[in-house]
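Chains as they are written, first to last, in my numbering: chain A, 1 to 60; chain B, 1001 to 1259. Shown next, in structure tokens, is the structure this report addresses.
Written out as structure tokens, the structure is:
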């Protein structure tokens, strides 16, 4: 990372900023989205299971 | 051995204990990997700073292939041994693998534009990875396309097994055909041809991706088991109430097996 003008030069990524930052942004958007989706579906399955167990009084 | 390890109740216990460790360490390792990749690693003498795309592109590609292999093995076990956990594992892994494959394709495109001068080219490596992406999507559509999860799972397992032929094609496409894509520089016979200052950030990122995969896999498998249990409960409840309504002598609920 060039030390010339600090942050701006770093963010410019040697002229490749428009490729490097979207690559990282997209990667972590997809991975974060997967994590969020997994978490939400898990919560939903727990709620469903709880409701059914209450409804049928089953305990197993 | 497989049976002992793959008992659903045991899996729920083990994964409940492992999940916090695995997910938090994936966050820590990914943060470290980002720091190494974006700050510590040197620019390439030819590619300049654009080489930093490698640290997300290559681990995503490794995971895209590994997760598919995992799905294929789990599908084989599901078909042959009929083990309920194997099919749930394969289903749970598919969206994660599709995500990694998409990341691989998209970051590859963003890397290809400045380095090769094109976003996309229909050569062997790129096309075979695109086929992998479609295999993932096909598998997901297939397992969800049946009302009966058992039939859906069986159809998906067959597709996953047939699709395995694509894996060696992807891996060796850069050797078998002329392609714009460079040949392997880490996973090859002999020593890696990549400098240590770049190899270490790459491996840290790969470890972070792996830990994330295992964490998400466990969460999604737990979800799958909960859903199966819910389905069984609902079937039980319906059968029991029908038996009660028709005044059947006993509501001996024929509990459907967990698969």
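Glycine included, C-beta positions come from ideal geometry on N, C-alpha and C. These figures come from a predicted structure and were not determined experimentally.
Asked	Found
One or two residues paired with residue 1175 of chain B in a DSSP bridge	None, per the DSSP bridge assignment.
Beta-bridge partners of residue 1048 of chain B, as assigned by DSSP	B:1044
Contact between the stretch 4–12 of chain A and the stretch 1102–1116 of chain B (3+ Cβ pairs under 8 Å)	no
Proximity test, Cβ basis, 8 Å: residue 1052 of chain B and chain C	No chain C appears in this structure, whose protein chains are A and B.
Spatial distance of residue 1231 of chain B from residue 1045 of chain B (CA atoms)	58 Å
Exposure label - residue 1139 of chain B; buried when at least 16 CB within 10 Å	buried
Where residue 5 of chain A meets chain B, residues with beta-carbon distance less than 8 Å	Simply none; closest approach about 15 Å.
Classification of residue 1059 of chain B by the beta-carbon crowding that lies within 10 angstroms, buried from 16 upward	buried
Under 7 Å (Cβ pairs) to chain A, residues found in the stretch 1096–1109 of chain B	1096, 1099, 1102, 1103, 1106, 1107
Alpha carbon of residue 1069 of chain B to alpha carbon of residue 1022 of chain B, nearest angstrom	21 Å
Where residue 1111 of chain B meets chain A, residues with beta-carbon distance less than 8 Å	19, 23
Option nearest residue 29 of chain A by Cα separation, candidates B:1182, B:1192, B:1102, B:1152	B:1102
Alpha-carbon to alpha-carbon, residue 1226 of chain B and residue 1148 of chain B	16 Å
Cβ-based burial, residue 1014 of chain B [other Cβ within 10 Å; buried from 16]	exposed
CB contact check: residue 1216 of chain B to chain A, cutoff 8 Å	yes
Span separating the alpha-carbon of residue 27 of chain A from that of residue 1029 of chain B	15 Å
C-alpha distance - residue 1265 of chain B paired with residue 1073 of chain B, whole-angstrom precision	A question about residue 1265 of chain B goes unanswered here, because the residues of chain B that appear run from 1001 up to 1259.
Own chain, CB closer than 6 Å to residue 1093 of chain B, minus 5 neighbours either side, in chain order	1067, 1070, 1071, 1217
Where residue 52 of chain A meets chain B, residues with beta-carbon distance less than 8 Å	1230, 1233, 1234, 1237
Exposed unless 16 or more other CB atoms sit within 10 angstroms - verdict on residue 1219 of chain B	buried
Cβ neighbours of residue 1224 of chain B in the same chain (closer than 7 Å, five flanking residues each side left out)	1088, 1091, 1092
Where residue 1095 of chain B falls, given that 16 or more other Cβ within 10 Å makes a residue buried	buried
Backbone CA spacing between residue 1251 of chain B and residue 1083 of chain B [nearest angstrom]	Reliability of the predicted coordinates at residue 1251 of chain B is poor, the pLDDT of 48 falling under 50, and the value obtained from them is presented with this limitation in mind. Computed Cα separation, rounded: 29 Å.
Nearest-angstrom Cβ-Cβ length linking residue 1204 of chain B and residue 1170 of chain B, presumed shorter than 8 Å	With a Cβ gap of about 24 Å, residue 1204 of chain B and residue 1170 of chain B do not count as contacting.
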